[in-house]
Amino acid sequence: MEMGLTIIKRIELAKEGNRRELGKLLSLIESGVKLPINNSNSWVLGVTGPPGVGKSTLIGVMVEEWVNRGEKVAVLAVDPSSPRSGGALLADRMRMSSADSSESVFVRSLATRNHPGGLIPFLDRMINLLGLCGWSRIIIETVGGGQSEIRIVAFADRVMLVDGPDRGDIVQAEKAGIIELADLVVINKSDLPNAQNAANSIKTSFDYSNNSDKLVILTSALNKTGISELIDVVEMLEIDNERNSLRIKERLLSAWDFLLLSNPALNDILLDLESGRINLDEALNRL
Amino acid sequence: MSMRIVIAKPGLDGHDRGAKVIARALRDAGHEVIYTGLRRKPSEIVRVVMDEDAVAVGLSTLSGAHNVLIPKVCEELIANGMSDVIVFAGGIIPESDREYLYSLGVRAIFGPGTQTSSIIEFLETISKRKGSDLEVGVGDNPGWRWD
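Going down the list, the protein sequences come from chains A and B. Position 78 (the first sequence) corresponds to 78 in my numbering; numbering is contiguous. Whatever position you read off the second sequence (first residue = 1), add 1000 for my numbering.
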C-alpha cells in the first residue's frame, strides 16, 4: 500500500497536488526526517502578536483575499503544547472559514512541542516543501507571543505584528522588542472603540524613532474591512536585508536549542540538578 | 504514545461542550488535538483529517443526524485513500442505531456518562492494534469494536 512509497515518490505526488502525501511529508519533517528538497525561494509571511487580538481570524480573511487574487495559500498555525502532558489543543483553523474547503488553501496545525521560542526547528524544511509544491503564499502564525519572542524572524522574511485596541497606553508602544522588527503593524478589531487611538500611539512611536515609513494599518477581520488594503501593503513589502544577521543568529539558536533538547544525557542532568547533586555550571559542563 | 486526533462537529448542531471536554481530556493525556469548530460538512472534516495527517477522528453529534453524517465521513475517508484512519463517535446515538454505524467501520461510540478515562483507554488500544497490524481503520474489516 502507500507504506511502500519511497520519499522521492511521495514528494513527486505532493508536487502534483496530492494533499494526502503533502500532509504525510509534513509529519515526517516534524518527526525529524530530512527530505531531499532543494528550494529556498518560498514567499513567507510571519504573523505574530499577543493572544486574543484576532491573528487566526485575520489570517482567515487574508487567505480568502489572496485566493480571490489567484494565489495558493498555505498556513502553518502554531499553538502551544502543554509543558505538563505534552499534549496540545490546536484550534487556530476553526477560525479560518475557508481552511476546510477551498482547493487553494492548505492549513496545517503545529504544536510547539515545547521548543524554546515557540517554533519548531524544522519549520524551514516545511516552508521549503510547501514552496516546492506550488503554495505561492506561506503564512506562519506563531503562538500568541509576548513582546520579546523574535524567533519568527529566523523563518519568515516578512513579519507582521497584530495588536488590538485597549492593550495599554503609549508606553507599551515605546517598548523595545518584536515591534521594532515587524515590517508592519496591524491594529485589528477596528470595529471596537479606541482602535484608532492604538494605531496613532504606535504610529507616533515609529515617527520618533526614524521609522516613519513603517505602516500601521487598521483592520476588522470580523467585518472584513481593511483587508484588501492590507494585502496590497504586504505584497509591496521589501525584504529587509539588514535583518539577515539576526535571522542567521535566530536560526542558529533554534538549531542549538534543538540539539540541547535532544541530548540523550539531558534527563539525567535534569534529575541531578533537581536533587542538588550538581549545580548549573556543572550541568553546563556535562552538556 | 502521542497521536494527532481530529475532534469534529458534523452538521447543524450547535452543542460542543462535550466535544470540548473530550478535546481537553485528550490534550491532558498527551495527544495533539485539532478541533474543527461547529457545523462542518463531512467533506470538510475529511479535508481536515487529510491536511493534518490525523491518525483518528472523533465525531460528536447530538442533532439526531448521525445516521446520515457519520456514514458520509466514513465513505469519503475511504474514497480519499484514508482507510487507515480510525473513526469513533460520541453524543446522542441511540443503541438501536449503533450496529449500523459499527458495520461502516466506526470503532467506538461513547454516549452520555462516559468517563474520559475510557476514551483514553480506547485510544491506547487502537494505537496498539495499529502497531500490530490488526484491523482498526475505517476501511478495515469492521469486526472489532470497543465495548
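All C-beta atoms, glycine included, are put in the ideal place defined by N, C-alpha and C.
Listed by chain order, chain B residues near residue i by CB distance under 7 angstroms
i: Ser-27(A); result: Asp-1053
i: Arg-158(A); result: Chain B residues near Arg-158(A): none, gap ~23 angstroms exceeds 7 angstroms.
i: Arg-108(A); result: Asp-1051 and Glu-1052
Within-9 angstroms CB hit, residue i to chain A
i: Ile-1092(B); result: no
i: His-1066(B); result: no
i: Glu-1171(B); result: Since the displayed chain B opens at 1001 and closes at 1147, residue 1171(B) lies outside it and no answer follows.
i: Arg-1129(B); result: no
i: Gly-1030(B); result: yes
i: Lys-1041(B); result: yes
i: Leu-1026(B); result: yes
i: Arg-1017(B); result: no
i: Leu-1134(B); result: no
i: Ser-1002(B); result: yes
i: Asp-1140(B); result: no
i: Tyr-1100(B); result: no
Residue-chain proximity (residue i, chain B), Cβ-Cβ < 9 angstroms
i: Leu-123(A); result: no
i: Glu-2(A); result: Because the pLDDT of Glu-2(A) is 46, which lies under 50, any placement of that residue in the model is unreliable, and the number read from its coordinates should be weighed accordingly. Answer yes: the Cβ-Cβ gap between Glu-2(A) and chain B drops below 9 angstroms somewhere.
i: Phe-155(A); result: no
i: Val-233(A); result: no
i: Ala-182(A); result: no
i: Ser-40(A); result: no
i: Gly-86(A); result: yes
i: Ser-262(A); result: no
i: Asp-207(A); result: no
i: Ala-199(A); result: no
Residues that residue i bridges to, as DSSP identifies them
i: Arg-1040(B); result: Pro-1010(B)
i: Arg-137(A); result: Val-73(A)
i: Gly-1081(B); result: Gly-1081(B) is not bridged to any residue.
i: Tyr-1035(B); result: Ile-1007(B)
i: Met-160(A); result: Val-47(A) and Leu-184(A)
i: Ala-111(A); result: Asp-79(A)
i: Cys-216(A); result: Contrary to the premise, residue 216(A) reads as Val rather than Cys in this sequence. The partner list for Val-216(A) (beta bridge, DSSP) reads Val-185(A).
i: Leu-260(A); result: Answer by DSSP bridge pairing: none, since Leu-260(A) is not bridged.
i: Ala-1056(B); result: Ile-1005(B) and Ile-1086(B)
i: Thr-225(A); result: Ser-220(A)
i: Leu-287(A); result: According to DSSP, which records beta bridges pairwise, Leu-287(A) is partnered with nothing at all.
Chain A contact residues for residue i, given Cβ-Cβ distances below 7 angstroms
i: Val-1087(B); result: Those within 7 angstroms of Val-1087(B) in chain A number zero; the least Cβ separation is about 17 angstroms.
i: Glu-1044(B); result: Asp-100 and Ser-101
Amino acids of chain A, ordered along the chain, whose beta-carbon sits closer than 8 angstroms to that of residue i
i: Tyr-1035(B); result: Leu-89, Leu-90, Ala-91 and Met-94
i: Asn-1080(B); result: Arg-20
Contact set between residue i and chain B, taken where Cβ atoms lie within less than 8 angstroms
i: Gly-23(A); result: Met-1050, Asp-1051, Glu-1052 and Asp-1053
i: Ala-14(A); result: Within 8 angstroms Cβ-Cβ: nothing; Ala-14(A) doesn't reach chain B, min ~12 angstroms.
i: Ala-111(A); result: Glu-1032
Buried or exposed (CB count within 10 angstroms, at least 16 for buried), residue i
i: Glu-250(A); result: buried
i: Thr-6(A); result: exposed
i: Asn-188(A); result: buried
i: Arg-1027(B); result: buried
i: Val-61(A); result: buried
i: Met-236(A); result: exposed
i: Tyr-208(A); result: exposed
i: Val-1073(B); result: buried
i: Val-1068(B); result: exposed
i: Trp-256(A); result: exposed
i: Asp-92(A); result: buried
i: Gly-17(A); result: exposed
i: Met-1001(B); result: exposed
i: Arg-277(A); result: exposed
i: Glu-1121(B); result: exposed
i: Ala-1079(B); result: exposed
Per-residue contacts from residue i into chain A (C-beta, under 9 angstroms)
i: Arg-1047(B); result: Arg-19, Ala-99, Asp-100 and Ser-101
i: Ala-1023(B); result: Leu-89 and Ala-91
Cross-chain neighbours of residue i in chain C, by beta carbon under 9 angstroms
i: Ser-82(A); result: As a matter of chain content, chain C is missing from the structure shown, whose protein chains are A and B.
Segments assigned alpha helix (DSSP H), at least 4 residues, entirely inside the stretch 1061 to 1140 of chain B: Taking 4 residues as the shortest admissible run, the stretch 1061 to 1140 of chain B contains the following complete alpha helix (DSSP H) segments, listed from N- to C-terminal end: 1066 to 1079, 1095 to 1103 and 1116 to 1131.
Entirely enclosed alpha helix (DSSP H) segments - the stretch 12 to 41 of chain A, minimum 4 residues: 19 to 30
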